[in-house]
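These notes are about the structure you will find just below.
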Amino acid sequence: MSFVVLTAEWFHETNTFNRNLTEYHSFMDRFGFFGADAIRERGDANTELAGFLDVARRHGWETIHVLSASAEPAGYVTRDAFDRLGGAIVKAAMENKDKLSGILLGLHGAMVTEFNEDGEGELLRRLREVVGPTMPIAITLDLHANVTPLMCELANIICSYKTYPHVDMRERGNQAGEILHRAMKGEIRPRTLRAHRPMLDEANGGRTDIGPMVSRVAEAVAYEKETGVYAVSINAGFGNADIADVGPTVLVTYDGDEAQHRAFAESIMDDIWQKRFDVLNNYMPVEEAAAIAKAYTRTKGPIIIADYADNPGGGGYGDSTNLLAALLAAGIEDAAFGPMVDPEVAQQLRAHRVGDKVSLQLGGKTDPRFGGGPLHVTAELKLVSDGAYTGDGPMVGGLRLSFGPSAVIQVDGIEILVTTEPAQMLDLQQFRAFGIDPAAKTVVGLKSMQHFRAAFEPIAGQVIVCDSGALCTTYLDRLPYRNVSRPIYPLDRQMAR
Ligand SMILES: [Zn+2]
26 MSFVVLTAEW FHETNTFNRN LTEYHSFMDR FGFFGADAIR ERGDANTELA
76 GFLDVARRHG WETIHVLSAS AEPAGYVTRD AFDRLGGAIV KAAMENKDKL
126 SGILLGLHGA MVTEFNEDGE GELLRRLREV VGPTMPIAIT LDLHANVTPL
176 MCELANIICS YKTYPHVDMR ERGNQAGEIL HRAMKGEIRP RTLRAHRPML
226 DEANGGRTDI GPMVSRVAEA VAYEKETGVY AVSINAGFGN ADIADVGPTV
276 LVTYDGDEAQ HRAFAESIMD DIWQKRFDVL NNYMPVEEAA AIAKAYTRTK
326 GPIIIADYAD NPGGGGYGDS TNLLAALLAA GIEDAAFGPM VDPEVAQQLR
376 AHRVGDKVSL QLGGKTDPRF GGGPLHVTAE LKLVSDGAYT GDGPMVGGLR
426 LSFGPSAVIQ VDGIEILVTT EPAQMLDLQQ FRAFGIDPAA KTVVGLKSMQ
476 HFRAAFEPIA GQVIVCDSGA LCTTYLDRLP YRNVSRPIYP LDRQMAR
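What the sequence shown shows, in this note's numbering, is residues 26 to 522, in sequence order.
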């Protein structure tokens, strides 16, 4: 018999310290596609949906795909956005519940709404109300999910990304779909257990290219081959969420004896806890980064300076000026910088012609306490664009995305990409589509924590990371936490377990 499976993709990583609410249009601005449109845009790329459809083809499922939507990380998701997008998924489940065999969702796992700390848990709760307690539900999650006990109780199957930079979306979609298929056949009855420690941030931010996560992921993959084990997920958590259930988790999706699998999950969690003081990354002050860039001699490629703290992919505003100011003060030449998210300036520049000299108050407007206030600069306008680009790297290759109305300006020795919409730098086309070739520059300043490495390390002569003091600063004691359970590492550094 063939199975009918309801599918959807709905992603948000909510930075609860970000002042900007995430509204319905925030999803539509990044991407929001319904039904066949979603399949056309995302059905054959490195996406969860493509993985779901791979499984559907292999097993002859009929799929009902509701939507694929994602907003750039920012503040709380509004009730309106949650009810409309989550509501569409629940409504489709209601309309089709008599013929559905299972539900397969691509989620992030760190959604916080205006009315509920656990967006994914709330979606699953509403779905369970419709389809009952026994229908198999499988979900994929981002490695930066804050996984709650409720999510594990309501989803039978959870498969989180095992890579950061995230490059295994389609693979995880396949994994979750295959487990779901066995559950729908009645061959297995999977459920998911969760181990957790009171931490805002796991050491090393979940990087899977170096450090202790490499061996943890290898252990997880090996354990997935044990009898009765279907998926092991190590979530680094997302520390910029002021919620009770914040922090890293280890999940095992299994059948059978819980005690054995729990012991495995706890052993990985213990390793994460014990290594919490290890310093693996050097987040340098912007002045130090600028001095290193000034002394850099280009050989095989540019020096890449990543601003970790103003990463729009973690809910940073993308308008921090501290790094750009330091680069300008150091007299850096032959450089590119982006993005500088400033809708006002992007709009202002549209009234000018290429070649015009324009006086600007650039960036730093959203919340200057984090990352610096506006810079007064005189710029030459080099290009005006609608901001659209198509990725060609390992993360977003083939996907059509947009920065919204954008411009390129030259200030002293630096070409700067000014955008309307925030997005982190993770693909070379985010510069190249706007006439900037990062590989040909001596210095490239960009906003990203880790994802940039997938596309930019291959062109780089050297990579350094700095902390501009913007909203995703590594100094977590500068953020006004109120709702996290205390004590918690690193706010209460002296705590015992
Ligand atoms: Zn992530």
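Cβ atoms here follow ideal geometry from the backbone N, Cα and C, with glycine treated the same way.
Because the structure is a prediction, the values reported are computed rather than measured.
Is it true that the CB of residue j sits closer than 8 angstroms to the CB of residue i?
{"i": "V237", "j": "G272", "result": "Per the sequence shown, the amino acid found at residue 237 is Pro instead of Val. No, the pair does not count as a contact, with Cβ atoms beyond the cut-off."}
{"i": "A361", "j": "S473", "result": "no"}
{"i": "G262", "j": "H169", "result": "yes"}
{"i": "G85", "j": "A208", "result": "no"}
{"i": "E73", "j": "R197", "result": "yes"}
{"i": "C491", "j": "V311", "result": "yes"}
{"i": "L374", "j": "V443", "result": "yes"}
{"i": "T278", "j": "N260", "result": "no"}
{"i": "T41", "j": "T103", "result": "no"}
{"i": "L349", "j": "L400", "result": "yes"}
{"i": "L496", "j": "Y342", "result": "yes"}
{"i": "A404", "j": "A355", "result": "no"}
{"i": "A118", "j": "L78", "result": "no"}
{"i": "D270", "j": "D143", "result": "yes"}
{"i": "T415", "j": "Q454", "result": "yes"}
{"i": "T391", "j": "D344", "result": "yes"}
{"i": "G134", "j": "R44", "result": "no"}
{"i": "L92", "j": "F140", "result": "no"}
{"i": "V436", "j": "V402", "result": "yes"}
{"i": "T173", "j": "L132", "result": "no"}
{"i": "R219", "j": "C177", "result": "yes"}
{"i": "Y500", "j": "R301", "result": "no"}
{"i": "G338", "j": "P98", "result": "yes"}
{"i": "T322", "j": "G389", "result": "no"}
{"i": "G211", "j": "G253", "result": "no"}
{"i": "S27", "j": "A96", "result": "no"}
{"i": "T188", "j": "L276", "result": "no"}
{"i": "D335", "j": "G396", "result": "yes"}
{"i": "M420", "j": "A485", "result": "no"}
{"i": "A61", "j": "R67", "result": "no"}
{"i": "I357", "j": "Q487", "result": "no"}
{"i": "D105", "j": "E446", "result": "no"}
{"i": "V257", "j": "E249", "result": "yes"}
{"i": "E87", "j": "V29", "result": "yes"}
According to DSSP, residue i sits in a beta bridge with which residue or residues?
{"i": "K382", "result": "E405"}
{"i": "A81", "result": "None; A81 has no bridge partner."}
{"i": "S126", "result": "Partner(s): none; S126 has no beta bridge."}
{"i": "T47", "result": "V102"}
{"i": "F362", "result": "I441 and G470"}
{"i": "M309", "result": "C491"}
{"i": "A163", "result": "L129 and I182"}
{"i": "T41", "result": "Beta-bridge pairing links T41 to no other residue."}
{"i": "E87", "result": "V29"}
{"i": "V433", "result": "L408 and L442"}
{"i": "T138", "result": "V102"}
{"i": "G458", "result": "Note that residue 458 is Ala in the sequence shown, not Gly. According to DSSP, A458 bridges with nothing at all."}
{"i": "G57", "result": "A94"}
{"i": "F36", "result": "S95"}
{"i": "T415", "result": "R425"}
{"i": "T274", "result": "H221 and N260"}
{"i": "L387", "result": "L400"}
For ligand 1, I want to know if residue i counts as a neighbour, meaning its beta carbon is within less than 7 angstroms of at least one of the ligand's heavy atoms.
{"i": "D167", "result": "yes"}
{"i": "H191", "result": "yes"}
Continuous beta strand (DSSP E) assignments of at least 3 residues falling wholly in the stretch 473 to 517: Restricting attention to beta strand (DSSP E) runs no shorter than 3 residues, the stretch 473 to 517 encloses them at 487 to 491, ordered along the chain.
Runs of beta strand (DSSP E) wholly within the stretch 280 to 349 (minimum 3 residues, chain order): 328 to 332
Beta strand (DSSP E) runs wholly inside the stretch 185 to 271, at least 3 long, in chain order: 216 to 221 and 254 to 260
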